[in-house]
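Reading through the structure tokens given below for one structure.
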Amino acid sequence: MEQKNPGAVSSPACPFSAETQEKILHHFDHHSSLYRDHSAEALKLLRDQAPVAKTDAHGGFYVLTRYQDVLEAARDDERFCSFWGITIPTNKAPWDRAQTIPIDLDPPYNELFRDMMLPLFTPKAIDAYGVFLRQTATKLVDAFIEKGEADLARDFGSPLTALFTMELAGIDHAQADFYASTIQYGIAHPGDPDALARMAEARGRVSREVAAQKDNPRSGGLIDYLFKARVGGRPLMDWEIEAIVWLVLLGGVDSTQATISNMAVHLSDHPELKQRLIEHPDSWDDAVEEYLRLVTPQQGLSRTVTRETSLGGVELQRGDRVLMSWQAANLDESVFPNPNEIVLDRKNKRHLAFGIGKHRCMGSNIGRLEVLIALEQLLTRIPDFKVKAGEAELSADIGTVKAYKKVPITFTPGKRSA
Amino acid sequence: MPIKIILHKDRCNGHARCVRKAPDVYRLDERGFIGSAPETVPAELEDQAIAGAGACPEEAIEIVQS
Ligand code: HEM
Ligand code: SF4
Chain A
197 MEQKNPGAVS SPACPFSAET QEKILHHFDH HSSLYRDHSA EALKLLRDQA PVAKTDAHGG
257 FYVLTRYQDV LEAARDDERF CSFWGITIPT NKAPWDRAQT IPIDLDPPYN ELFRDMMLPL
317 FTPKAIDAYG VFLRQTATKL VDAFIEKGEA DLARDFGSPL TALFTMELAG IDHAQADFYA
377 STIQYGIAHP GDPDALARMA EARGRVSREV AAQKDNPRSG GLIDYLFKAR VGGRPLMDWE
437 IEAIVWLVLL GGVDSTQATI SNMAVHLSDH PELKQRLIEH PDSWDDAVEE YLRLVTPQQG
497 LSRTVTRETS LGGVELQRGD RVLMSWQAAN LDESVFPNPN EIVLDRKNKR HLAFGIGKHR
557 CMGSNIGRLE VLIALEQLLT RIPDFKVKAG EAELSADIGT VKAYKKVPIT FTPGKRSA
Chain B
63 MPIKIILHKD RCNGHARCVR KAPDVYRLDE RGFIGSAPET VPAELEDQAI AGAGACPEEA
123 IEIVQS
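Residue numbers (the numbering used here), protein chains in the order written: chain A, 197 to 614; chain B, 63 to 128.
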């Protein structure tokens, strides 16, 4: 496989100088440009040489790169807790209340909220969302199909997932672009003062939205649902509702559009695979699953060690932080042979792109459906699309979410649907 | 050889992958967790049952030869 875009996953034969290897093995930083441009190779080096590696970046933490170790940590909330924050670096102190619910909470509290939210994500509920998603996707493609060119990130993946997230949350569609651009910028520029200020502004808007809907709820949306819901026998407090809505916005407007942009770039670089998919719509579900595994949009999250323990043969102390690299787990060749290839008939579909265990993504089936509908539009309506050479642009920082900021394409103009 | 389904309900986290892949075999309870599956599976549903078990990320569904 040739590598046409920086950061695109390709076969990693260790390409690093001794100095760079040292940097990765002892000073690993998922927010660095080294990681952005060589993530698959760096994670492979770690997995082969130091699968539970200690790094001194961001105050020090351990990076888990083997499937088994990531699985073990994610499944054991007692030894590896979420309450100290699930990103590295974290801006959450233990005495701060949860900023996002249920993801910041540990059992049994996260389970109370999760149980309350599950009815929103049943297969039946999701089938109903499919109607909205198909209509929206069709309209978005209509808007550029006669032009023969578009930016798939700006004109398609981002608005599709953002409009749907507004619909799900019960927020005016006119807010879609504000939330999507702010959150995508915030996640791609962690720690940047301007990004933090913009995120704070968006978070403030969520508080005002919830306050406004108290008198005037948008029926059928998440916010309205949360007003009527109960946890532990009582109604939710306003700040809890805000923390749930904020999480759904974070989960809804970034990881899914990231999957769509990564998939589009890879398909453009692999015309034979694209042709095969065009001829075999019955393998689209498998393709979506493989893209989630191969590019793992949400790259990894962290936990805090609650007591002395060992993982993968390494002793850990209370308070140590670990980064569970879903991306590394998903490229572990002992679990997924030919990890850097899209293998449509791969039997093992237990990738960790949605995490695993008690915090596994609640939106996983929605995310899958959104990516499937995006794939359907691309392959049936602009099947010969091609990314303009060298113009796909990866986000500044892919440590949290690996996304393309820009995916400029050209294609043979087609007809609007109506 | 017919197959048998064993549910490990304690492992289920309500992801609904099993019913997606095998709507005629698995049922969720009213809370959205795996509720029931027939103990023995009619031959024509075997493929579905196996696909549904394989899709469960928590390995909550075990298939054994009976
Ligand atoms: C392809 C798209 C997506 C990816 C890759 C993704 C990834 C993830 C991951 C890795 C986690 C695990 C967090 C942890 O272990 O701490 C998670 C949790 C979560 N995601 Fe997603 N997500 C996606 C789409 C969505 C969507 C569309 C929604 C909302 C509609 C959503 C809502 C959530 C929620 C509520 C949680 C927290 C679950 C809990 O703590 O119990 N996600 N997601
Ligand atoms: S797929 Fe597994 S975890 Fe999900 S509902 Fe079915 S049995 Fe439960």
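Here a beta-carbon is modelled for each residue, glycine too, at the ideal position from N, C-alpha and C. Since this is a predicted model, take the numbers as computed values, not measurements.
Can you confirm whether the stretch 486-493 of chain A touches the stretch 593-612 of chain A when touching is taken to mean that 3 or more C-beta pairs between the two stretches lie within less than 8 Å?
Contact between the stretch 593-612 of chain A and the stretch 486-493 of chain A is present, because at least three Cβ pairs lie under 8 Å.
Along chain A, in chain order, which residues have C-beta atoms closer than 8 Å to that of R82 of chain B?
Chain A residues near R82 of chain B: P319 and N561.
Going along the stretch 310-334 of chain A in order, which residues come within less than 9 Å of chain B, judged by CB to CB distance?
R310, D311, L314, P315, F317, T318, P319 and I322
Which residues in the same chain have their Cβ closer than 8 Å to the Cβ of T146 of chain A, if we skip the five residues on either side of it in sequence?
With chain A covering only 197 through 614, there is no way to say anything about residue 146 of chain A.
Kindly indicate if chain B contains any beta-carbon less than 8 Å away from that of R556 of chain A.
Chain B contact via Cβ: present.
Check C74 of chain B in the structure and name its three-state DSSP category.
coil
How should W291 of chain A be labelled, buried or exposed, when 16 other C-beta atoms within 10 angstroms of its C-beta is the threshold for buried?
Its Cβ having fewer than 16 others within 10 Å, W291 of chain A is exposed.
Could you tell me whether the Cβ of D72 of chain B comes closer than 8 Å to any Cβ of chain A?
no
Residues of chain B with CB under 7 Å from I552 of chain A, in chain order?
P119
Is Q471 of chain A helix, strand or coil when you go by DSSP?
Secondary structure of Q471 of chain A (DSSP, three-state): helix.
Restricting to Cα atoms, I'd like to know which of A:H385, A:T334 and A:D302 is closest to L590 of chain A.
A:H385
Which same chain residues end up closer than 7 Å to Q371 of chain A when comparing Cβ atoms and leaving out the 5 residues on each side of it in sequence?
M362
I'd like the ranges of any beta strand (DSSP E) spanning at least 3 consecutive residues and lying wholly in the stretch 482-554 of chain A.
496-501, 505-507, 510-512 and 517-521
In three-state DSSP terms, what is I68 of chain B?
strand
Using a beta-carbon distance below 8 Å, is A105 of chain B in contact with chain A?
no
Closer than 7 Å to a non-hydrogen atom of the ligand SF4 - does that hold for the CB of G97 of chain B?
no
Quick check: the Cα distance between P355 of chain A and R503 of chain A, rounded to an integer number of angstroms?
44 Å
Compare the C-beta of A115 of chain B against all C-beta atoms of chain A and say whether one is closer than 8 Å.
no
Can you say whether K440 of chain A is buried or exposed, counting buried as having 16 or more other CB atoms within 10 angstroms of its CB?
Residue identity differs from the one stated: residue 440 of chain A is Ile in this sequence, not Lys. So I440 of chain A ends up on the buried side.
Give the list of continuous alpha helix (DSSP H) stretches no shorter than 4 residues that lie fully inside the stretch 405-486 of chain A.
418-424, 434-446, 452-465 and 467-475
In angstroms with no decimal places, state the Cα-to-Cα distance between C210 of chain A and E237 of chain A.
Approximately 6 Å between the Cα atoms of the pair.
Within its chain, find whatever has a CB closer than 7 Å to the CB of P303 of chain A; leave out the 5 residues flanking it on each side and keep chain order.
D273 and K554
Report the option in B:E121, B:A117, B:I123 and B:Y88 whose CA atom is closest to the CA atom of D482 of chain A.
Comparing Cα positions, the closest option is B:A117.
Give the residues of chain B in contact with K545 of chain A, contact being defined as C-beta atoms less than 8 Å apart.
Contact annotation for K545 of chain A against chain B: G116 and A117 [CB-CB distance below 8 Å, chain order].
Say whether the stretch 89-97 of chain B touches the stretch 107-114 of chain B, bearing in mind that this needs 3 or more beta-carbon pairs closer than 8 Å, one atom from each stretch.
no
Output the distance between the C-alpha atoms of A407 of chain A and M433 of chain A, rounded to the nearest integer angstrom.
12 Å
Are the C-beta of A111 of chain B and some C-beta of chain A separated by less than 8 Å?
It does not: the Cβ of A111 of chain B has no partner Cβ on chain A nearer than 8 Å.
Alpha carbon to alpha carbon, how far is E587 of chain A from P247 of chain A? Give it in angstroms, no decimals.
35 Å
Give a yes or no on whether the C-beta atoms belonging to M520 of chain A and L497 of chain A are separated by under 8 Å.
yes
At the 8 Å Cβ level, is G76 of chain B part of the contact set with chain A, yes or no?
yes
For a test of the three-state rule: what should DSSP assign to E198 of chain A, helix, strand or coil?
Bear in mind that a pLDDT of 38 at E198 of chain A, under 50, signals an unreliable position, so the model cannot answer this.
So that I know if they touch, is there some Cβ in chain A lying closer than 8 Å to that of G97 of chain B?
no
Going along the chain, which residues of its own chain have a beta-carbon closer than 7 Å to the beta-carbon of P533 of chain A, five neighbours each way excluded?
Within the same chain, no Cβ atom closer than 7 Å to the Cβ of P533 of chain A is found once the five residues on either side in sequence are excluded.
Hey, could you find the ends of the beta strand (DSSP E) F257 of chain A is sitting in?
F257 to L260 is the span of the beta strand (DSSP E), which, as asked, contains F257 of chain A.
Which residues in chain A sit within 7 Å of R89 of chain B, going by Cβ to Cβ distance?
The premise fails here: R89 of chain B is roughly 11 Å from chain A at the closest Cβ pair, so nothing lies under 7 Å.
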